[in-house]
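Okay, so the sequence shown: first residue is 2 according to the working numbering, each after it adds one.
Please read the structure below before turning to the comments.
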Amino acid sequence: TLGVHGGYTQKDVMETARCLTGWTVRSNEWFRNGAVEFEEKNHDDGEKVVLGETIPVGLGRKDLDRVLEIISLHPATAEFLATKLCRRFISDDPPQSAIEITQQAFLSSGGDIPSTLRALFHTEEFKEARGQKLKRPFRYIVSALRATGTKTMAEQSLWDYLVRMGQAPFQFPTPDGYPDAAEPWLGTLFWRWKFAVALCRNGIEGTEIQREELKKACQTEEGLMAHFLGRLPNEVEKETFNSSEEGMALMLASPAFQRC
2 TLGVHGGYTQ KDVMETARCL TGWTVRSNEW FRNGAVEFEE KNHDDGEKVV
52 LGETIPVGLG RKDLDRVLEI ISLHPATAEF LATKLCRRFI SDDPPQSAIE
102 ITQQAFLSSG GDIPSTLRAL FHTEEFKEAR GQKLKRPFRY IVSALRATGT
152 KTMAEQSLWD YLVRMGQAPF QFPTPDGYPD AAEPWLGTLF WRWKFAVALC
202 RNGIEGTEIQ REELKKACQT EEGLMAHFLG RLPNEVEKET FNSSEEGMAL
252 MLASPAFQRC
């Protein structure tokens with residue numbers, strides 16, 4: 002929440018842990034459904050100091066609400082969140098000007114996410130951001146299925162491709178989640194190309210592209226290219242895609258389609 006260098010100390014970690022005492026997973030059921038409960042007798046009800054803010058004696062379960070309030074409205078949280086949002090929506094190395102606008106919107110709105118995103122989306126940096134982000138594998142596969150109008154029941158086959166591309170859902174070993182930058186994904190581009198070819202050949206079991214319907218909807222070859230590229234093709238792209246039997250797969254494998 003605050004980031005690795007967010008200005009907190011080991012003492013802040015320990016004081017926050019005291020605020021969490023008494024909270025546990027509900028255990029009086031036949032199975033665990035993720036529900037939690039507060040056990041007053043196990044709570045440390047003394048005074049705590051978190052990030053310079055005093056939490057008085059006797060708040061009980063409200064200690065958790067107070068510590069969340071302190072952390073969520075801390076300037077380091079605003080900067081950390083603003084940086085991650087700008088990295089997601091603008092570029093891998095977002096400009097500081099956009100980060101500052103987003104950070105200020107978060108703080109001035111009391112942490113309201115819609116207001117924060119609205120400020121980000123109105124920046125000039127966001128308006129000029131098209132094509133700067135490489136799609137992560139999950140987004141790449143989903144966008145390819147949508148762009149081709151594919152009908153699929155191939156859960157396992159698509160899962161296998163995600164594994165090979167390096168983004169099996171819910172499998173990342175550390176809590177920071179899958180990287181949101183291009184470099185870590187460049188080593189698995191081969192499997193993106195393999196997926197594009199297999200998809201366009203209807204070579205994925207349980208998956209079918211309505212190729213002729215797609216071409217008819219786009220009306221022309223140039224219209225088909227614009228559909229996949231998000232813009233009109235240049236002369237090199239026209240020649241490349243028109244001269245290959247795997248033209249549609251090449252479009253899905255192209256840098257223009259793999260970026261957003």
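Heads up, the beta-carbon is just placed ideally off N, CA and C, and yes, glycines get one too.
Nearest-angstrom Cα distance between residue i and residue j?
i: residue 157; j: residue 237; result: 37 Å
i: residue 225; j: residue 126; result: 29 Å
i: residue 203; j: residue 220; result: 22 Å
i: residue 54; j: residue 148; result: 51 Å
i: residue 68; j: residue 109; result: 19 Å
i: residue 1; j: residue 80; result: Only positions 2 to 261 of the chain appear in the structure, and residue 1 is not among them; the question remains open.
i: residue 76; j: residue 130; result: 26 Å
i: residue 105; j: residue 116; result: 10 Å
i: residue 235; j: residue 12; result: 59 Å
i: residue 231; j: residue 140; result: 16 Å
i: residue 165; j: residue 71; result: 41 Å
i: residue 260; j: residue 73; result: 32 Å
i: residue 103; j: residue 66; result: 25 Å
i: residue 213; j: residue 88; result: 38 Å
i: residue 95; j: residue 210; result: 37 Å
i: residue 132; j: residue 19; result: 46 Å
With a cut-off of 8 Å on the beta carbons, I'd call residue i and residue j a contact; round off their distance for me.
i: residue 207; j: residue 189; result: Rounded, the Cβ-Cβ distance is 23 Å, inconsistent with contact.
i: residue 25; j: residue 40; result: 6 Å
i: residue 90; j: residue 121; result: 6 Å
i: residue 22; j: residue 44; result: 5 Å
i: residue 153; j: residue 163; result: Their Cβ separation, rounded to whole angstroms, is 13 Å, which puts residue 153 and residue 163 out of contact at 8 Å.
Where does residue i land, buried or exposed, given buried means 16+ other C-beta within 10 angstroms?
i: residue 160; result: exposed
i: residue 249; result: buried
i: residue 15; result: exposed
i: residue 187; result: exposed
i: residue 138; result: buried
i: residue 176; result: exposed
i: residue 78; result: buried
i: residue 50; result: exposed
Look up residue i in the DSSP assignment and say whether it is helix, strand or coil.
i: residue 210; result: coil
i: residue 58; result: coil
i: residue 22; result: coil
i: residue 39; result: strand
i: residue 5; result: coil
i: residue 136; result: coil
i: residue 202; result: coil
i: residue 17; result: helix
i: residue 165; result: helix
i: residue 124; result: coil
i: residue 260; result: strand
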